[in-house]
Amino acid sequence: MDAQLTAFLGVAAVMVALPGADFTVVVRNALASRSAGVATALGVAGGLLVHTALAVAGLAAVLVAVPVLFRTVQLLGGAYVLYLGVSALRSARKGRANATGTTADHPDGKADAEAAVGTRRALRQGFLTNALNPKAPVLFLSLLPQFVPAGAAPLPRTLLLAAIVVLLALIWFPAVALLVDRLGRWLRRPRTARAIEGGSGAALTVLGAVLVTGTLLH
Numbered sequence: 027m028d029a030q031l032t033a034f035l036g037v038a039a040v041m042v043a044l045p046g047a048d049f050t051v052v053v054r055n056a057l058a059s060r061s062a063g064v065a066t067a068l069g070v071a072g073g074l075l076v077h078t079a080l081a082v083a084g085l086a087a088v089l090v091a092v093p094v095l096f097r098t099v100q101l102l103g104g105a106y107v108l109y110l111g112v113s114a115l116r117s118a119r120k121g122r123a124n125a126t127g128t129t130a131d132h133p134d135g136k137a138d139a140e141a142a143v144g145t146r147r148a149l150r151q152g153f154l155t156n157a158l159n160p161k162a163p164v165l166f167l168s169l170l171p172q173f174v175p176a177g178a179a180p181l182p183r184t185l186l187l188a189a190i191v192v193l194l195a196l197i198w199f200p201a202v203a204l205l206v207d208r209l210g211r212w213l214r215r216p217r218t219a220r221a222i223e224g225g226s227g228a229a230l231t232v233l234g235a236v237l238v239t240g241t242l243l244h
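According to our numbering, the sequence shown holds residues 27 to 244 in order.
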């Protein structure tokens with residue numbers, strides 16, 4: 027495995043695991059039932075498949091036709107990752123509740139009844155939550171070009187990177203659903219939520235700084 031691919035695995039793993047809308051809906055439905063949580067996780071992966079397919083189609087043309095734009099997108103992508111990291115750190119510092127804190131605070135300590143509606147609806151919720159996220163296309167279009175080696179054919183490489191993202195989602199989100207099913211009460215604690223957000227923010231900040239610096243010095 028080449029160095030760029032190894033680096034991408036780390037970046038993609040952090041991006042997939044970062045608490046957000048996808049994480050929120052998976053946790054909410056997993057707190058209702060294990061099957062609903064897993065179905066939601068599979069729906070999220072389906073939404074990622076849509077985004078990555080669109081990213082691959084667009085990047086193949088951009089990388090071949092406009093090398094200068096490719097470098098610009100690389101720089102903007104690194105800056106965006108850095109922005110996400112700093113935002114997460116600020117959120118953790120303020121003590122604002124993240125996904126695990128906002129979706130499970132009900133008087134009876136359970137997810138709302140609407141979440142417990144069966145696997146088909148849970149699958150649809152997961153898919154739409156991800157597919158309708160306006161930040162996802164920008165994220166993939168900015169992130170994938172940074173890991174295409176100079177002189178490499180863009181289409182096969184971006185297909186590989188996209189497949190890695192979807193595979194990581196298929197591992198991570200079902201795992202979250204199963205863990206929440208067992209550890210739901212512990213995951214509701216605000217201190218745990220802040221720790222998850224702070225750790226993710228620190229990792230993204232470092233990765234974003236490395237990406238921006240590497241692009242500028244290349």
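Think of the CB as a built atom: it goes at the ideal place given N, C-alpha and C, for glycine as much as any other residue.
Checklist entry - Alpha carbon to alpha carbon, what distance is there between Ala38 and Pro45? => result Within the sequence shown, residue 45 is the residue found at index 19, counting from 1. Within the sequence shown, residue 38 is the residue found at index 12, counting from 1. So the alpha carbons of these two residues sit roughly 13 Å apart.
Checklist entry - Relative to the alpha-carbon of Val53, which residue among Pro216, Gly225, Leu205, Ala235 has its alpha-carbon at the smallest distance? => result What you label residue 53 is simply residue 27 of the sequence shown in a count that begins at 1. Val53 has its Cα closest to that of Leu205, out of Pro216, Gly225, Leu205, Ala235.
Checklist entry - For the putative contact between Val327 and Gln151, defined by C-beta atoms under 8 Å, what is the C-beta separation to the nearest angstrom? => result Absent from the structure is residue 327, since the part of the chain shown begins at 27 and ends at 244.
Checklist entry - What is the rounded straight-line gap between the Cα of Trp212 and the Cα of Phe49? => result Here residue 212 corresponds to residue number 186 of the sequence shown, with the count starting at 1. Here residue 49 corresponds to residue number 23 of the sequence shown, with the count starting at 1. Using only the alpha carbons, I get a separation of about 16 Å.
Checklist entry - In whole angstroms, what separates the C-alpha of Ala109 from that of Ala229? => result For the purposes of this step, residue 109 is identified with residue 83 of the sequence shown, where counting begins at 1. For the purposes of this step, residue 229 is identified with residue 203 of the sequence shown, where counting begins at 1. Checking the sequence, you will find Tyr at residue 109 rather than Ala. Each residue's alpha carbon lies about 12 Å from the other.
Checklist entry - Are Asn156 and Gly224 close, meaning C-beta to C-beta below 8 Å? => result The residue you call residue 156 lines up with position 130 of the sequence shown. The residue you call residue 224 lines up with position 198 of the sequence shown. Cβ atoms of Asn156 and Gly224: not closer than 8 Å.
Checklist entry - So, is Thr78 buried or exposed, given that buried needs 16 or more other C-beta atoms within 10 angstroms? => result Within the sequence shown, residue 78 is the residue found at index 52, counting from 1. Classification of Thr78: buried, given that the 10 Å Cβ count is 16 or more.
Item to check | Given Ile190 as reference, the closest of Leu57, Ser61, Ala62, Ala71 once Cα atoms are compared | outcome: On the sequence shown, position 164 is the one that residue 190 refers to. Ranking the options by Cα distance to Ile190, first place goes to Ala71.
Next on the checklist: Buried or exposed, going by whether 16 or more other CB atoms sit within 10 Å of the CB of Pro200?
Outcome noted: Taking the first residue of the sequence shown as 1, we reach residue 200 at position 174. Looking at its Cβ environment, which holds 16 or more other Cβ atoms inside 10 Å, Pro200 is buried.
Checklist entry - Terminal residues of the continuous alpha helix (DSSP H) containing Arg54? => result As a working note, residue 54 is residue 28 in the sequence shown. Counting along the chain, the alpha helix (DSSP H) containing Arg54 begins and ends at 47-58.
Checklist entry - For the putative contact between Thr231 and Val112, defined by C-beta atoms under 8 Å, what is the C-beta separation to the nearest angstrom? => result Here residue 231 refers to the residue found at position 205 of the sequence shown. Here residue 112 refers to the residue found at position 86 of the sequence shown. Contact holds; Cβ gap of about 6 Å.
Checklist entry - How big is the Cα-Cα spacing for Ile197 and Ser117? => result Working through the sequence shown from its first residue, we reach residue 197 at position 171. Working through the sequence shown from its first residue, we reach residue 117 at position 91. Rounded to the nearest angstrom, the two C-alpha atoms are 26 Å apart.
Checklist entry - For Ala29, does the count of other Cβ atoms within 10 angstroms reach 16, so buried, or fall short, so exposed? => result Within the sequence shown, residue 29 is the residue found at index 3, counting from 1. Ala29 comes out exposed.
Item to check | Where the alpha helix (DSSP H) containing Ala157 begins and where it ends | outcome: The residue labelled residue 157 in the question sits at position 131 within the sequence shown. Ala157 -> alpha helix (DSSP H) spans 145-157.
Next on the checklist: Quick check on Arg119: buried or exposed, where buried means 16 or more other Cβ atoms within 10 Å of its Cβ?
Outcome noted: In the sequence shown, counting from the first residue as 1, residue 119 sits at position 93. Result: exposed.
Next on the checklist: Here's the rule: buried if 16 or more other CB atoms are within 10 angstroms of the residue's CB, otherwise exposed. What is Ala114?
Outcome noted: Position 88 of the sequence shown, counted from the start, is the residue given in the question as residue 114. Classification for Ala114: buried.
Next on the checklist: Going by beta-carbon coordinates alone, are Val42 and Ala195 separated by less than 8 Å?
Outcome noted: Position 16 of the sequence shown, counted from the first residue, corresponds to residue 42. Position 169 of the sequence shown, counted from the first residue, corresponds to residue 195. Yes; because the gap between Cβ atoms is below 8 Å, this pair is in contact.
Item to check | Contact belief for Gln172 with Gly227 at Cβ below 8 Å, rounded distance in angstroms | outcome: Working through the sequence shown from its first residue, we reach residue 172 at position 146. Working through the sequence shown from its first residue, we reach residue 227 at position 201. Between Gly227 and Gln172 the Cβ distance is about 20 Å, and since that is not below 8 Å, they are no contact.
Next on the checklist: Helix, strand or coil for Gly25? Go by DSSP, reduced to three states.
Outcome noted: The structure shown does not extend to residue 25, since the chain is modelled only from 27 through 244, so no value can be given for it.
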